[in-house]
Amino acid sequence: MEEKDYFSMTVPELKVICRALGLRVKGRKSELIQRIQDKNRGNIVKDSEFTMLRTNVLNIQKSGSELPMFKANLQNIQKDKSELTMFETNLQNIQKDRPELAMIKETLLNIQKDESELAMLEANLQNIQKNGQELTMLKTNLENIQKEDPKLTMLKTNVLNIQKDKPEILNKLDLTLKNNFETLKMDQAKKDESKIIYKNFKRKPDSEETKFSTNTIDINKEKEYSSHVNSNVSRKLKKVSIKFVKKESAPITDQPKPVIHQITNAVPDSSISALSIGKSPSLALRSKINIYSRLFARLAFYLPSSERYAFFCNLALVSKLWNFSVKFAWHQLILLEFPGKRTETWISSVDPTIHNLRLWYIHRQKEKQRVLKVFKQGWIERLFRIYGQTFSCNYPTSQRELWFFGICYNLLSDPDQKGQWEVSVRFWMSRFVLRMMSGESWKSWPFFFDEVYRDMIVIAKRIGNSDIWRIESSNNKVWYISGQSGEAIGWDSSPCSSNMINIENITWKDLRLDWKTYISKIINSNLPTDLFNNVFYHGDTSLYPRGIHKNIKDPLRFSLAKRFVLSHVIEYSISGLYESRPFSFSLNPNLLLDLEQKYSVESVCLSGEIAVYNQILCPGLSYIQTTEIGLFVLDEIGLEVGDDICGVRDIWALILGCNTWGSALDNDTVEKMLVSLFKP
Numbered sequence: 001m002e003e004k005d006y007f008s009m010t011v012p013e014l015k016v017i018c019r020a021l022g023l024r025v026k027g028r029k030s031e032l033i034q035r036i037q038d039k040n041r042g043n044i045v046k047d048s049e050f051t052m053l054r055t056n057v058l059n060i061q062k063s064g065s066e067l068p069m070f071k072a073n074l075q076n077i078q079k080d081k082s083e084l085t086m087f088e089t090n091l092q093n094i095q096k097d098r099p100e101l102a103m104i105k106e107t108l109l110n111i112q113k114d115e116s117e118l119a120m121l122e123a124n125l126q127n128i129q130k131n132g133q134e135l136t137m138l139k140t141n142l143e144n145i146q147k148e149d150p151k152l153t154m155l156k157t158n159v160l161n162i163q164k165d166k167p168e169i170l171n172k173l174d175l176t177l178k179n180n181f182e183t184l185k186m187d188q189a190k191k192d193e194s195k196i197i198y199k200n201f202k203r204k205p206d207s208e209e210t211k212f213s214t215n216t217i218d219i220n221k222e223k224e225y226s227s228h229v230n231s232n233v234s235r236k237l238k239k240v241s242i243k244f245v246k247k248e249s250a251p252i253t254d255q256p257k258p259v260i261h262q263i264t265n266a267v268p269d270s271s272i273s274a275l276s277i278g279k280s281p282s283l284a285l286r287s288k289i290n291i292y293s294r295l296f297a298r299l300a301f302y303l304p305s306s307e308r309y310a311f312f313c314n315l316a317l318v319s320k321l322w323n324f325s326v327k328f329a330w331h332q333l334i335l336l337e338f339p340g341k342r343t344e345t346w347i348s349s350v351d352p353t354i355h356n357l358r359l360w361y362i363h364r365q366k367e368k369q370r371v372l373k374v375f376k377q378g379w380i381e382r383l384f385r386i387y388g389q390t391f392s393c394n395y396p397t398s399q400r401e402l403w404f405f406g407i408c409y410n411l412l413s414d415p416d417q418k419g420q421w422e423v424s425v426r427f428w429m430s431r432f433v434l435r436m437m438s439g440e441s442w443k444s445w446p447f448f449f450d451e452v453y454r455d456m457i458v459i460a461k462r463i464g465n466s467d468i469w470r471i472e473s474s475n476n477k478v479w480y481i482s483g484q485s486g487e488a489i490g491w492d493s494s495p496c497s498s499n500m501i502n503i504e505n506i507t508w509k510d511l512r513l514d515w516k517t518y519i520s521k522i523i524n525s526n527l528p529t530d531l532f533n534n535v536f537y538h539g540d541t542s543l544y545p546r547g548i549h550k551n552i553k554d555p556l557r558f559s560l561a562k563r564f565v566l567s568h569v570i571e572y573s574i575s576g577l578y579e580s581r582p583f584s585f586s587l588n589p590n591l592l593l594d595l596e597q598k599y600s601v602e603s604v605c606l607s608g609e610i611a612v613y614n615q616i617l618c619p620g621l622s623y624i625q626t627t628e629i630g631l632f633v634l635d636e637i638g639l640e641v642g643d644d645i646c647g648v649r650d651i652w653a654l655i656l657g658c659n660t661w662g663s664a665l666d667n668d669t670v671e672k673m674l675v676s677l678f679k680p
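Numbering follows UniProt numbering, in which position 674 of the sequence shown is assigned residue number 674; successive positions increment by one, without gaps.
Printed below as a string of structure tokens:
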């Protein structure tokens, strides 16, 4: 009861409370209240003590269940202690006959105190037992321990002195330890240490391995060969037979192939046929099937693209009605996931009401997953992923399968024509390289990523049958680019645009005169045209037709060589205001791209192959040997990022995840390097 309640009560009421609590009832009102309050305080203290006592009892009950385990551990400790006592007794007996081992015992006891060293010795001994190279690895481990514990240096010195001065002691020690081997069982860590000491003593001083008069020298063994060239060897001529051992070359590790390794041998759309749906369902089930098929397609579309096929296969096993619904749902899912001219052209030759379009979905999904897998392994996706994770950047996109947001996700499946995603990626790579070359690499990362998001590519369209593409961004900017190198082509040379560096061309009529003439010829042409045919090489055209050696015939190498040539034609002959062949007096100027003789390609090494200093090129990096110098180039656009003299540039080594000579580093190192690149 609170204090204010006691003072509001009458004296008889307070006396009743005192009698109930066993207190004296005589006295004034204030005395009665004081007695009641003292009693209440005493009860509170007793309650707290009782609660604490109860808690202690519960803890004791819990710990009582652990007593058997503690008892078992104590017994094990006693057993180990008895074994240790036996081992110590044996060592004392040995010490009586061998006083030199007293120092060894003292050092051994010091080693036992260091648990970290015991764990290292145990791990090393297990590796020794597996590989059979006990002596070599023990020597290495002892040297490593000596660096950490100076006491072991004295141990090794004493052992060597014993080996040199008293070999008979070692022989007797060997026999003694062998006879008492069964009685020296102990804890695994102590047993391992005794083995290490035992094996160091076991070496015979007169073994043949220590003699220098060996007649056969194996030059593949560095230790044996070095023993013949020290300062103590006699200068007399000796007849020596040299044994040559052929070493097998190290196997090349599997590395992810670049995109250019994946674009060949593609299955044409015309080779995909439609399956018959079989016996048509009854008219009574048609309405349900139409509803279910649309529902199934919508549900599958909300799943990740790699799980949609399995989802339909599971639905088809539920019932006959669902099986028919899934057959019709393939058509609905294709319209949702793969819209575009390719799908429209193929479906126009079949009847979705009597044909199953499952094979077409498999064909398009395989293409999409292959491109998605290869792109995730590339450096540009890794760059965007590390940047997004480092700064927690969440750019709103329609999908989350990729961190890269510079291209609309619908272009990943090449909806209208093959090459849309590939060319769009080359465009962004080309712009990224230009920023690297202009010195904006470290100070404008946020600006560049914001620009990529604002200029997201939504349309990529080939002009006629040429390799000139028209791409359009989400904010209605338009570029005409070379499909081989991703480089934006020239713009108008009018005064109003002469000072603009990255002008966006709204129509091909705004281009300079030679480009307008070239595009006007190919825009309605049915024959395939290649921009590479307009290259004018200033050199031996019989040996280097258009700047590429005639012996380069492999399609992949020749394709990369073409990109390299188109990326290294005379400056401003593709981008900028410069016209390679102005011919102002001519009404129809020709488009010729001048290539200097120093950029003629002699050989090509693709990523995954051996290049400079026997280094395997990392994914995304290739090597091209010209007549004057070897260059490291990006295999998607052919622009150089290093040479064979200085190696790959530092900034590109960070981005590509390689060393100076192009060899790939491990993933953890690459991610740490990129994080350090982004952070100031």
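Glycine residues also receive a C-beta, built at the ideal position from the N, C-alpha and C atoms.
I'd like the ranges of any beta strand (DSSP E) spanning at least 3 consecutive residues and lying wholly in the region 518-571. 535-537
Would you kindly report the start and end of the unbroken beta strand (DSSP E) that includes Ser473? 468-473
Give the single residue among Gly647, Gln417, Lys327 whose Cα lies nearest to the Cα of Tyr613. Gly647
Could you tell me whether the region 548-562 touches the region 603-620, where touching means 3 or more Cβ pairs closer than 8 Å? yes
Here's the rule I'm using: 16 or more other beta-carbon atoms within 10 Å means buried, otherwise exposed. How should Gln188 be labelled? With a pLDDT of only 49 at Gln188, under 50, the local geometry of the prediction cannot be trusted, and the value read off the model is given with reservation. Gln188 should be labelled exposed.
Tell me whether Val425 sits in a helix, a strand or coil according to DSSP, three-state version. helix
Coarse secondary structure for Thr216, derived from DSSP in three states: With a pLDDT of 40 at Thr216, under the threshold of 50, the modelled position of this residue cannot be trusted; read the value that follows with caution. DSSP places Thr216 in strand when its eight states are reduced to three.
Nearest neighbour of Asn534, chosen from Ser525, Asp467, Ser276 [CA to CA]: Asp467
Classify Met429: buried if its beta carbon has 16 or more other beta carbons within 10 angstroms, exposed otherwise. buried
Do the region 338-354 and the region 370-385 make contact, defined as three or more Cβ pairs closer than 8 Å? no
With a cut-off of 8 Å on the beta carbons, I'd call Ser642 and Phe632 a contact; round off their distance for me. Here residue 642 is Gly; the residue named in the question, Ser, does not match the sequence. Sure, about 4 Å apart at Cβ, within 8 Å.
At what residues does the beta strand (DSSP E) containing Glu596 begin and finish? First-last for Glu596: undefined, no H or E at that position.
What does the alpha-carbon distance come out to for the pair Gln615 and Val565? 25 Å
Return the first residue and the last residue of the alpha helix (DSSP H) that Ala297 is part of. 283-301
To the nearest angstrom, report how far apart Val267 and Ser413 are at their CA atoms. 14 Å
Same chain only: Cβ atoms within 7 Å of Ser424, ignoring 5 sequence neighbours per side: Ile407, Leu411, Ile457, Ala460, Ile471
Thinking residue 714 and Glu487 are a contact (beta carbons under 8 Å), I'd like their distance in whole angstroms, please. Only positions 1 to 680 of the chain appear in the structure, and residue 714 is not among them; the question remains open.
Could you check how far apart the C-beta atoms of Ile386 and Glu671 are, in whole angstroms? I think they sit under 8 Å. 6 Å
Suppose you measure from the CA of Lys29 to the CA of Val11; what does that come to, to the nearest Å? 6 Å
Tell me which same chain residues have a C-beta within less than 7 Å of the C-beta of Arg563, skipping the five on either side of it? Gln484, Ser485, Ile637, Gly638
So for Leu591, helix, strand or coil by DSSP? coil
How far does the alpha helix (DSSP H) with Leu654 in it reach, from first residue to last? 650-656
Rounded to whole angstroms, what is the Cα-Cα separation between Ile501 and Trp479? Note that Ile501 scores 43 on pLDDT, short of 50, meaning its location in the model is unreliable; the coordinates nonetheless yield the value given after this. Rounded to whole angstroms, Ile501 to Trp479 spans 13 Å at the Cα level.
Could you check what DSSP says for Lys461 in three-state terms: helix, strand or coil? strand
Where does Cys313 land, buried or exposed, given buried means 16+ other C-beta within 10 angstroms? exposed
Glu640 bridges to which residues according to DSSP? Val633
Can you find the residues in the same chain that come closer than 7 Å, C-beta to C-beta, to Cys658, ignoring five residues on each side of it along the sequence? Cys618, Leu621, Val648, Ala664, Leu665
Alpha carbon of Gln37 to alpha carbon of Asn59, nearest angstrom: 34 Å
Does the separation of the CB atoms of Gly340 and Asp416 fall below 8 Å? yes
Between the C-alpha atoms of Ser276 and Leu634, what's the straight-line distance to the nearest angstrom? 46 Å
Segment limits, alpha helix (DSSP H) that includes Trp346: 341-347
Per-residue DSSP class, three states only, for Leu665: coil
Bridge partners of Asn356, per DSSP? Leu275
Ends of the beta strand (DSSP E) at Thr390? Premise fails: Thr390 lies in the alpha helix (DSSP H), 379-391, not in any beta strand (DSSP E).
Val601, buried or exposed, once every other Cβ within 10 Å from all chains shown has been counted against 16: buried
Among Phe328, Arg370, Leu21, whose alpha-carbon lies nearest the alpha-carbon of Leu357? Phe328
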